[in-house]
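Residue numbers (my numbering), protein chains in the order written: chain A, 37 to 301; chain B, 37 to 301.
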């Protein structure tokens with residue numbers, strides 16, 4: 037039986053895997069200027085959860101946006117006539133549409149009351165990720181962090197300072213998908229690990245060289261986190277233990293398909 | 037603080053979550069006619085892994101297809117002239133393209149050597165899911181199971197018979213995504229649980245009624261499984277423990293967006 041030849045297998049395949057995903061619930065609301073690292077470490081300590089070498093931390097973007105002041109009072113938003121007309125047609129909040137357009141660099145689709153945009157970062161999602169749930173009952177909207185990679189790197193540094201450990205950080209948001217119902221979590225910011233695992237140079241257990249095998253592990257980690265970070269509990273973060281990630285600087289930009297090779301723009 | 041009013045929270049949010057994902061490695065290759073339940077239970081026993089009430093079993097479709105004889109000798113495929121011409125243009129195997137077209141009910145995109153089809157089941161993916169890796173070095177192609185929901189139900193019944201436990205089953209495949217690099221796992225067959233969790237009638241901790249909040253938990257479970265079921269190890273299945281799924285018949289068809297509401301056809 038031909039095993040992978042010449043090259044050693046990627047870390048994750050060396051031995052058999054067992055993954056643990058542990059939610060970190062916060063007792064109270066995150067405030068602008070709070071240290072997420074401090075809040076999460078306090079919360080973890082309270083639950084006797086200890087960060088370990090090899091852990092990956094996954095954080096919902098909303099607490100990051102709140103800490104960074106990416107929260108907008110909807111009463112302060114003056115929507116354009118275009119936003120008003122379109123929102124009215126579908127019973128939507130024109131101020132949210134206005135924010136979504138401001139946060140976008142392109143409108144990908146606008147139909148049947150659904151607005152799919154490309155954000156300034158390059159993420160393609162509904163309403164540029166502008167969200168009014170889990171804020172304060174509909175008076176404020178949360179925007180995506182300005183630079184989620186930078187936010188992830190900052191959190192990674194703060195964790196390093198507090199614990200001495202190098203813990204990769206993934207920041208996530210829930211997006212819809214073409215062709216499929218329901219939202220899943222996606223990685224929008226990354227620090228300390230590679231978001232993609234490239235199997236293309238490896239051979240399968242039959243000696244066949246793998247072709248279209250680049251795995252978006254950061255998105256899969258985001259999804260695993262989504263299963264424990266509920267929308268109704270106060271667990272905006274979790275630890276994933278046992279995943280042998282590939283070290284490296286990493287950036288969520290690596291997850292963005294270049295428009296030229298994208299068939300669905 | 038306004039908690040969810042009137043209605044009890046969905047199961048998963050009642051208490052804090054901890055998820056365990058345990059790979060089940062197989063010692064040898066699955067053969068046509070094998071019982072997957074028997075093979076997996078034997079393999080689990082060997083590793084001292086015991087199935088428990090509440091577990092979800094996630095299985096890569098490839099072993100299901102093999103057991104069900106959905107394997108085609110590429111030498112037996114006579115490609116059409118159209119398939120030959122297109123494959124030649126991009127250095128592809130015309131026999132694989134031919135199979136992909138036969139397994140499809142519509143071509144969604146065909147450009148730059150990439151063929152995105154809608155399969156007979158309704159999944160939209162590259163080459164109708166026809167795959168030549170992890171078979172026998174490139175001589176055979178594996179097709180998707182004819183009816184992955186039925187395959188999942190069959191496996192669920194066999195597990196029930198062997199263990200007395202009711203274990204939901206998810207069958208997965210790796211698909212690419214528009215706009216994003218890399219593949220992730222998707223649920224293509226389901227039995228014993230609901231693939232979507234609907235939060236729309238719930239209120240967030242601020243009392244705000246959640247709107248666009250239907251979570252494709254089956255796809256998130258598929259992704260969590262993808263992290264431990266490597267492409268190069270022989271772990272085509274895993275147990276996910278600690279996820280409070282919503283019981284119900286369930287079908288992967290519920291994950292398919294109706295063409296009328298899909299903006300990316």
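Positions of the beta carbon are idealized from the N, C-alpha and C atoms, including for glycine.
Pairwise C-alpha distance: residue j and residue i
{"i": "residue 70 of chain A", "j": "residue 259 of chain A", "result": "26 Å"}
{"i": "residue 288 of chain A", "j": "residue 281 of chain A", "result": "15 Å"}
{"i": "residue 148 of chain A", "j": "residue 132 of chain A", "result": "16 Å"}
{"i": "residue 164 of chain A", "j": "residue 75 of chain B", "result": "47 Å"}
{"i": "residue 81 of chain B", "j": "residue 54 of chain B", "result": "24 Å"}
{"i": "residue 130 of chain B", "j": "residue 154 of chain B", "result": "19 Å"}
{"i": "residue 299 of chain A", "j": "residue 162 of chain B", "result": "12 Å"}
{"i": "residue 111 of chain A", "j": "residue 177 of chain A", "result": "10 Å"}
{"i": "residue 212 of chain B", "j": "residue 202 of chain A", "result": "31 Å"}
{"i": "residue 252 of chain A", "j": "residue 83 of chain A", "result": "31 Å"}
{"i": "residue 102 of chain B", "j": "residue 278 of chain B", "result": "30 Å"}
{"i": "residue 296 of chain A", "j": "residue 86 of chain A", "result": "44 Å"}
{"i": "residue 275 of chain B", "j": "residue 60 of chain B", "result": "7 Å"}
{"i": "residue 90 of chain A", "j": "residue 217 of chain A", "result": "34 Å"}
{"i": "residue 45 of chain A", "j": "residue 206 of chain A", "result": "Its pLDDT being 48, under 50, residue 45 of chain A is placed unreliably in this model, and the coordinates cannot settle the point."}
{"i": "residue 285 of chain A", "j": "residue 230 of chain A", "result": "7 Å"}
{"i": "residue 180 of chain A", "j": "residue 214 of chain B", "result": "21 Å"}
{"i": "residue 290 of chain B", "j": "residue 232 of chain B", "result": "8 Å"}
{"i": "residue 261 of chain B", "j": "residue 221 of chain B", "result": "8 Å"}
{"i": "residue 200 of chain A", "j": "residue 138 of chain B", "result": "56 Å"}
Residue nearest to residue i in terms of C-alpha spacing, selected from the options
{"i": "residue 294 of chain A", "options": "A:160, A:127, A:285", "result": "A:160"}
{"i": "residue 92 of chain B", "options": "B:128, B:147, B:57", "result": "B:57"}
{"i": "residue 94 of chain B", "options": "B:144, B:111, B:225", "result": "B:225"}
{"i": "residue 208 of chain B", "options": "B:214, B:183, B:217, B:200", "result": "B:183"}
{"i": "residue 67 of chain A", "options": "A:104, A:127, A:220", "result": "A:104"}
{"i": "residue 107 of chain B", "options": "B:215, B:122, B:214, B:169", "result": "B:169"}
{"i": "residue 167 of chain B", "options": "B:99, B:124, B:290, B:229", "result": "B:99"}
{"i": "residue 204 of chain B", "options": "B:143, B:186, B:219", "result": "B:186"}
{"i": "residue 210 of chain A", "options": "A:256, A:200, A:239, A:236", "result": "A:256"}
{"i": "residue 236 of chain A", "options": "B:219, B:126, B:138", "result": "B:219"}
Cβ-based neighbour list, residue i, same chain, cut-off 8 Å, excluding 5 preceding and 5 following
{"i": "residue 134 of chain A", "result": "113, 114, 115, 116, 119"}
{"i": "residue 63 of chain B", "result": "79, 82, 270"}
{"i": "residue 175 of chain B", "result": "109, 110, 111"}
{"i": "residue 145 of chain A", "result": "151, 152"}
{"i": "residue 128 of chain A", "result": "122, 149"}
{"i": "residue 124 of chain B", "result": "130"}
Residue(s) in a DSSP beta bridge with residue i
{"i": "residue 236 of chain A", "result": "Answer by DSSP bridge pairing: none, since residue 236 of chain A is not bridged."}
{"i": "residue 176 of chain B", "result": "B:109"}
{"i": "residue 211 of chain B", "result": "B:220"}
{"i": "residue 274 of chain A", "result": "A:59, A:94"}
{"i": "residue 292 of chain B", "result": "A:216"}
{"i": "residue 200 of chain B", "result": "Residue 200 of chain B is not bridged to any residue."}
{"i": "residue 151 of chain B", "result": "B:146"}
{"i": "residue 258 of chain A", "result": "Bridge partners of residue 258 of chain A: none, in fact."}
Contacting residues, own chain, Cβ-Cβ under 6 Å from residue i (five flanking each side not counted)
{"i": "residue 156 of chain B", "result": "141"}
{"i": "residue 292 of chain A", "result": "158"}
{"i": "residue 234 of chain B", "result": "250"}
{"i": "residue 39 of chain A", "result": "Confidence at residue 39 of chain A is low in this model, with a pLDDT of 38, below 50, so the placement of that residue should be treated as unreliable; the coordinate-derived value is given next. Hits under 6 Å: none found."}
{"i": "residue 189 of chain A", "result": "227"}
{"i": "residue 283 of chain A", "result": "none"}
{"i": "residue 273 of chain A", "result": "60, 76, 95"}
{"i": "residue 264 of chain A", "result": "57, 59, 274"}
{"i": "residue 143 of chain A", "result": "153"}
7 Å CB neighbourhood of residue i in its chain, flanking five on each side removed
{"i": "residue 73 of chain B", "result": "191, 194, 195, 198"}
{"i": "residue 136 of chain A", "result": "151, 153, 163, 164, 166"}
{"i": "residue 121 of chain B", "result": "none"}
Residue i Cβ short of 6 Å to the ligand COA heavy atom set
{"i": "residue 189 of chain A", "result": "Among the components modelled here there is no ligand, and therefore nothing to report on the ligand COA."}
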